[in-house]
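**Student:** Taken in sequence, the protein lines are chains V, W and G. For my numbering, add 398 to where a residue sits in the first sequence, where the first one is 1. For my numbering, add 22 to where a residue sits in the second sequence, where the first one is 1. For my numbering, add 45 to where a residue sits in the third sequence, where the first one is 1.
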Amino acid sequence: MQHAETTQGTPFLEARHIGKRYGGLHAVRDVNLSIYPGEVIGIVGDNGAGKSTFIKMLAGDHQPTSGELLIEGKPVRFAHPRDAKQAQIETIYQDLALCENLSVMDNIFLGHELTRNPVLRLLRRSKMHIESRVLLDDLGIGIPSTHELVVNLSGGQRQATALARVAKAGAKLIILDEPSAALGVRETRALLDLILRFRSQGKSILVISHEMRDVFEITDRIAIFKRGELIAIKRTKETTPDEIVSLIIRGRQ
Amino acid sequence: MYKAAGLTAVLAVSLLGVAPIGAAIAQDAAANPTLTQDPGNPSQARHWVTYDAAAGAYRVDSSVTADPASWSAANAAKAADRKLICFTAESEEFDWDVVLVNPSMRRAAEAAGVELLLLNNQYPSTTKPIENADICVQRSADLVVSFNVFSEIAPAIMTKYNEAKIPVIAMDVAHPGSVFYGADNCKTGALAAQFALQWAKDKNWPLDQLQVVAGVDPAVGGAPNCRNTGFVDAIKAAVPQLPASNYHDVDMRTGELGPVAGAIAATTDWLTAHPDAKYIIATSINDDRAYGIAQAMKQAGRGDSAVDGIVIGKNAEKAALDAVRAGDTPLVGTVSFFGNKYGDDVIPLALDILAGKPVPSIVSVAHEVISKANIDTHYPQ
Amino acid sequence: MTQSVTQPDRNAGGFNLFSFARSQEGVVVFLLVALMIVVAVFSAASPYFFDVRNGMNIGRAISIIGIASAFTTLLMIAGGLDLSIGAVMNAAGVVAAMVLTQTGLGVGGAILAAVAVGALVGWVNGMFIAKLGINPLIMTIAMQFVVRGLTLGFSASASKVIVDPTFLAIGQSYFHLGPLAIPAPLLWMLLAMLVLWFVLRFTLFGKYVYAVGGKASACRRAGINVNVITIQLYMLSGIGAALAGVVLAAIQGAGIPYGAGSELSVISAVILGGVSLAGGVGLIEGTLVAVLLVGVLKNGMTLMGISSVFQMVAEGLVLVGAVTLDRLKRRL
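(1) Do you know how far the Cα of V:M503 is from the Cα of G:D96?
(2) Which runs of the beta strand (DSSP E), 3 residues or longer, sit entirely within the region 213-301 of chain W?
(3) Rounding to the nearest angstrom, what Cα-Cα distance links W:T87 and W:S383 in this structure?
(4) For the alpha helix (DSSP H) that V:D535 lies in, which residues bound it at each end?
(5) Could you work out which residues of chain G lie near V:K483, taking near to mean beta carbons separated by less than 8 angstroms?
(6) Taking Cβ positions, are G:L281 and G:F116 nearer each other than 8 angstroms?
(7) Would you call the region 249-262 of chain W and the region 204-217 of chain W touching, i.e. three or more CB-CB distances under 8 angstroms?
(8) To the nearest angstrom, how far is it from the Cα of G:A142 to the Cα of G:L231?
(9) By DSSP's criteria, G:A226 is part of a beta bridge. Which residues make up the other side?
(10) Given that W:A241 touches chain G, what residues does it touch there, using C-beta distances under 7 angstroms?
(11) Give the straight-line distance between the Cα atoms of G:V432 and G:A289, rounded to the nearest whole angstrom.
(12) Would you identify the three-state DSSP class for V:L574, choosing helix, strand or coil?
(13) Take G:A158 and list the residues in its own chain whose beta-carbon comes closer than 6 angstroms to its own, dropping the five residues that flank it on each side.
(14) What does the alpha-carbon distance come out to for the pair V:L645 and V:L431?
(15) From W:F202 to W:T305, what does the alpha carbon distance come to, in whole angstroms?
(16) Given a cut-off of 8 angstroms, decide if V:K418 and V:T460 are closer than it, judged by their beta-carbon atoms.
(17) Could you say which of W:G365, W:H389 and W:V387 lies nearest to W:A133 if we only look at CA atoms?
(18) Scan the region 148-226 of chain G and note each continuous beta strand (DSSP E) run of 3 residues or more that stays entirely inside, going in chain order.
(19) What does V:A495 touch in chain G if you count any residue whose Cβ is under 8 angstroms from its own?
(20) For the region 512-536 of chain V, enumerate the residues whose C-beta is nearer than 7 angstroms to any C-beta of chain G, in chain order.
(21) Is the number of C-beta pairs between the region 177-196 of chain W and the region 332-343 of chain G that are closer than 8 angstroms three or more?
(22) So, are the CB atoms of W:N143 and W:F116 less than 8 angstroms apart?
(23) Looking at chain G, is there any beta carbon in it that lies within less than 8 angstroms of the beta carbon of W:N142?
(24) Give the residues from the region 141-164 of chain W that approach chain G closer than 7 angstroms (Cβ to any Cβ), ordered along the chain.
(25) If we ignore side chains and look at the alpha-carbon of each, how far apart do G:V191 and G:L126 end up?
(26) With 8 angstroms as the C-beta to C-beta threshold (strictly closer), list the residues of the region 166-199 of chain W near chain A in chain order.
(27) Please classify W:D100: is it buried, with 16 or more other beta-carbons within 10 angstroms of its beta-carbon, or exposed?
(28) Measure from the C-beta of V:D504 to each C-beta in chain G and report whether the shortest distance is under 8 angstroms.
(29) Scan the region 301-331 of chain W and note each continuous alpha helix (DSSP H) run of 4 residues or more that stays entirely inside, going in chain order.
(30) Quick check on this structure: which residue in V:S464, V:R480, V:L468 and V:G465 has the alpha carbon closest to the alpha carbon of G:C264?
(31) Listed from N- to C-terminal order along the chain, which residues in the region 87-99 of chain G have their beta-carbon within a distance smaller than 9 angstroms of any beta-carbon of chain W?
(32) Taking its Cβ as the centre, do 16 or more other Cβ atoms sit within 10 Å of W:E112, making it buried, or is it exposed?
(33) Can you list the residues of chain G that W:E114 reaches, using a CB-CB cut of under 8 angstroms?
(34) Taking Cβ to Cβ, would you say V:N499 is nearer than 8 angstroms to V:R563?
(35) Taking 7 angstroms as the line, does the beta carbon of W:D164 fall inside it for any heavy atom of the ligand COA?
(36) Going along the chain, which residues of its own chain have a beta-carbon closer than 6 angstroms to the beta-carbon of G:V160, five neighbours each way excluded?
As structure tokens, this is what we get:
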């Protein structure tokens, strides 16, 4: 497998002793995790295990109360989601953050529109449509028209649009929160293929998921969270779904 | 009829001479000057005027020597052909218009064989009167009766009619360069004062202890406000010994709940602030406010017209007439100018103008205080 | 389905009647058809209706509502709401009249001062709504009271008569186009709509108007400064109301501090034109046709001698009909 030994060299992102407390409550405690380019890491754990809080710190939505983050070896602080974007980290939450009243193209380019004339800032519509088409085809996304409004798309197509947007923004780390939760079998298949295609482009992927089959199919490593702590990191090909489930439920033996 | 709005006296004066009257030839104008003054003040000199259709303006006709007040609807011209009179009514919402003025106009037009186009100025809209002027012009009305109470937009309205050379009769609020028909606001105040003083004498009230209350609305301009100031001035003249502290202006501008509720609230507050006030003589610009003042006095337990005080309204609207007839509130009188008879004067006046006959520049309505003594004569049940 | 990579694709499904009926363009076409039917009915019913001069009268009558609704259409597409429009209109008219009569700044200064008042009110609205998250309905009603009170206070509740012929020409003059005499206010309305149509359709700002109305949180995630856009839109709405107020003052020949508030006519026209209160959809074209439809209905009924009491009922029913159809078409 070409991605067998990705955990070498400099990680794209490294979390060192990251923690988040709300008053007396430790939502996340002392997490150490490195994510390498071209690596897919699955994050699993029960509800309330700290998965969401953890990724929100990576996305700049929350600020850690302890520990530090490093991007390509340099320490960073994310005061705002904008800062994380600046560092080429893009997060897709379950609501997908799409404007359903706009077209696929509009959503792909949202916040990065191509314009001409610095005063009037006129939209370069046909150029953006062409680029969107090229992007969708490159990613193998089956959306017939970039003119289609997102409101008319299926769940899988919306998910794909959100992913295309993230790819367009030039993300190096893509964080996905339960991406297959609302998808059918075929749509899930297409999503997994898309994630694997991103990996082959050298992007890092963090996926929160409850679906063990999906996790085992696409990830290189699996991080197990319990009560705010990262209790284990397993290489996917060296573990089994049973072991992971057991870790989730019973914790470290 | 004046629910709000108008123009201050200063602004009314500034309107004089601004009236865009059609261009008149110099020597012609010297001999027969066009009517340029604003006849908003009925105490101004009245002239005989005829409409000069070629110039699109009324001209003063000095050849007639009779008193302008001698004009009578009875002698008016008959319509030679079917004329179209455009009547931009104040409203189709308020008692004054719906019950009194508008039906009288319809009735009189039908009787005279005149086609009447009634357009609603939708008081308190300040845009509708202008839109309606456009429609009157487009329909090529032979004459317009403009019941627009906002004197500040009267010049904009008159510009349209003058351009189209359509003669105008302005109802109740003067329009520059038009013939005026309507109430003498100051006179209504004086009549109300006369009535109130008589009442006080009849009840043996100490005249130097009267409390004079005027329900004012600052949004109403100078002309309608004379219904209050005319009242106050007449009392001052008749009872010079009454101290200034016994005169009270109570702000009764129309709130969201309408003029009656606004008047009740304002009066209740005033009564609270003057717990010992007796011998109140109150008036306001219209019956809505007068009715509200009376209601507030009654609700405060100070509504005995024999000792506490009285209210005299204006307009003789239905609610006020009912109260006067019942006699169970301090609202014991209302000054009528017979809105129910407006049409009987205005339509003949219009026919005279259209026939090219001289008419007075100002035609005043009859005024009379309606009380329990004469209500059945003027308003039989 | 394979597509040529270099061709921007057109609507893939071809023309679909249902999806067209559901689209914002469909609303405009529907309103246009309704307008044509109404015009046909009135033309048959009244000999005075189908006439160039009457058309110009309608145009002048709708111009004030038209100018204000064009600007606030943008705000409402972005999910905002401005109920201070009527108060700003009156304030702007009074300010313009006072600047004209009491300073030497001239017509230009008067218009600028009025626009500044509108922009300031809009800025205050926008700051509180965007930065503090105050509900727009409550904030703009509160501003309506504040502005109305200040206007009455500063003007001492008295109208300010305007006699400057240049200023009056803004509202009372005509532009002659061949045999056609177009009232100036109608021209200002069409001009405002043309500019705003261009902004909505072709500029980045226009795109963000729709995007913010679609999902503000998505825009924030995409790095768009939603607060700034929201504040700009409230300012635009205020400026539009101020411009309408200037034209109104010129039509009336006076700045009137206590005129009846027209914000509800403005907002109902925008909604009739296809803008959803939830935001995200709508076109200036829709607002134009809606304003025309209401204007034609009122004028036609007046010419037919139908009491204005029933005209109010008709106006209400048209709005109810429009929003009902809007609900129904989503089930297509």
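Glycine is no exception: its CB is placed at the ideal position from the N, C-alpha and C atoms.
**Tutor:** Result, derived from the coordinates:
(1) Within the third sequence, the letter at position 51 stands for residue 96 of chain G. Within the first sequence, the letter at position 105 stands for residue 503 of chain V. Whole-angstrom Cα-Cα distance: 46 angstroms.
(2) The region 213-301 of chain W is shown to contain whole beta strand (DSSP E) runs of 3 or more residues at 233-238 and 269-273, in chain order.
(3) In the second sequence, counting from the first residue as 1, residue 87 of chain W sits at position 65. In the second sequence, counting from the first residue as 1, residue 383 of chain W sits at position 361. Taking C-alpha positions only, W:T87 is separated from W:S383 by approximately 14 angstroms.
(4) To locate residue 535 of chain V, count along the first sequence from 1; it is residue 137. V:D535 -> alpha helix (DSSP H) spans R523 to D536.
(5) Counted from its first residue, the first sequence places residue 483 of chain V at position 85. Residues of chain G passing the Cβ test: G268.
(6) For the purposes of this step, residue 281 of chain G is taken as residue 236 along the third sequence, with counting starting at 1. For the purposes of this step, residue 116 of chain G is taken as residue 71 along the third sequence, with counting starting at 1. Judged by beta-carbon spacing, G:F116 lies within the 8 angstroms limit of G:L281, meaning their Cβ atoms are closer than that value.
(7) The region 249-262 of chain W makes contact with the region 204-217 of chain W; the number of CB pairs closer than 8 angstroms reaches 3 or more.
(8) Translated into the one-based positions of the third sequence, residue 142 of chain G becomes position 97. Translated into the one-based positions of the third sequence, residue 231 of chain G becomes position 186. About 21 angstroms.
(9) Stepping through the third sequence from its first residue, residue 226 of chain G is reached at position 181. Paired residue(s): G:H221.
(10) Here residue 241 of chain W refers to the residue found at position 219 when the second sequence is read from its first residue. Simply S202 and Y303.
(11) The structure shown does not extend to residue 432 of chain G, since chain G is modelled only from 46 to 377, so the question has no answer here.
(12) Residue 574 of chain V sits at position 176 when you count from the first residue of the first sequence. Secondary structure of V:L574 (DSSP, three-state): strand.
(13) Within the third sequence, the letter at position 113 stands for residue 158 of chain G. Hits under 6 angstroms: V140 and V144.
(14) Indexing the first sequence from 1 puts residue 645 of chain V at position 247. Indexing the first sequence from 1 puts residue 431 of chain V at position 33. Taking the straight line joining both Cα atoms gives about 18 angstroms.
(15) Mapped onto the second sequence, residue 202 of chain W falls at position 180. Mapped onto the second sequence, residue 305 of chain W falls at position 283. Straight-line measurement puts the Cα of W:T305 at about 25 angstroms from the Cα of W:F202.
(16) Counting from one through the first sequence, the residue named residue 460 of chain V turns up at place 62. Counting from one through the first sequence, the residue named residue 418 of chain V turns up at place 20. According to the sequence provided, residue 460 of chain V is His. The question's Thr does not apply to it. A contact, by the Cβ cut-off of 8 angstroms.
(17) Translated into positions along the second sequence, residue 133 of chain W becomes position 111. Nearest neighbour of W:A133 by Cα position, chosen from W:G365, W:H389 and W:V387, turns out to be W:G365.
(18) The qualifying runs are 219-222.
(19) On the first sequence, residue 495 of chain V is found 97 positions in, with the first residue counted as 1. Residues of chain G with a Cβ closer than 8 angstroms to the Cβ of V:A495 are, in chain order, K260, S262, A263, R266 and A267.
(20) For the region 512-536 of chain V, the set of positions with a beta-carbon nearer than 7 angstroms to some beta-carbon of chain G reads T513, L518, R519, L520, L521, S524, H527, I528, R531, V532 and D535 in chain order.
(21) Contact between the region 177-196 of chain W and the region 332-343 of chain G is absent, because fewer than three Cβ pairs lie under 8 angstroms.
(22) Position 121 of the second sequence, counting from 1, holds the residue named residue 143 of chain W. Position 94 of the second sequence, counting from 1, holds the residue named residue 116 of chain W. One thing to note: W:N143 has its Cβ no nearer than 8 angstroms to the Cβ of W:F116.
(23) Position 120 of the second sequence holds residue 142 of chain W. At least one chain G Cβ lies under 8 angstroms of W:N142.
(24) Residues passing the 7 angstroms Cβ filter: L141, N142, Q144, P146, S147, T148, T149, I152, E153, D156, I157, Q160 and R161.
(25) Mapped onto the third sequence, residue 191 of chain G falls at position 146. Mapped onto the third sequence, residue 126 of chain G falls at position 81. Distance from the CA atom of G:V191 to the CA atom of G:L126, rounded to whole angstroms, is 17 angstroms.
(26) Looking for chain A here will not work: the only protein chains present are V, W and G.
(27) As a position in the second sequence, residue 100 of chain W is number 78, starting the count at 1. The question names Asp, yet the displayed sequence has Lys at residue 100 of chain W. Under a 10 Å Cβ-count criterion, W:K100 is classified as exposed, with fewer than 16 other Cβ atoms of the shown protein chains found around its own Cβ.
(28) Here residue 504 of chain V refers to the residue found at position 106 of the first sequence. Yes, its Cβ sits closer than 8 angstroms to a Cβ of chain G.
(29) Entirely contained in the region 301-331 of chain W, the alpha helix (DSSP H) runs reaching 4 residues are, in chain order, 309-321.
(30) In the third sequence, counting from the first residue as 1, residue 264 of chain G sits at position 219. It is V:R480.
(31) Those residues of the region 87-99 of chain G that come within reach of chain W (Cβ to Cβ, closer than 9 angstroms) are Y93, D96, R98 and N99.
(32) Here residue 112 of chain W is taken as the residue at index 90 of the second sequence, counted from 1. The residue is buried, with at least 16 neighbouring Cβ atoms inside 10 Å.
(33) Reading the second sequence from its first residue, position 92 is the one you call residue 114 of chain W. The CB of W:E114 comes closer than 8 angstroms to the CB of S352, S353 and V354 in chain G, given here in chain order.
(34) Taking the first sequence and counting its residues from 1, the one referred to as residue 499 of chain V is at position 101. Taking the first sequence and counting its residues from 1, the one referred to as residue 563 of chain V is at position 165. Against a cut-off of 8 angstroms, the Cβ pair of V:R563 and V:N499 comes out as no contact.
(35) Because no ligand of any kind appears in the structure shown, any question about the ligand COA cannot be addressed here.
(36) For the purposes of this step, residue 160 of chain G is taken as the residue at position 115 of the third sequence. Taken in chain order, the residues that qualify are I284 and A287.
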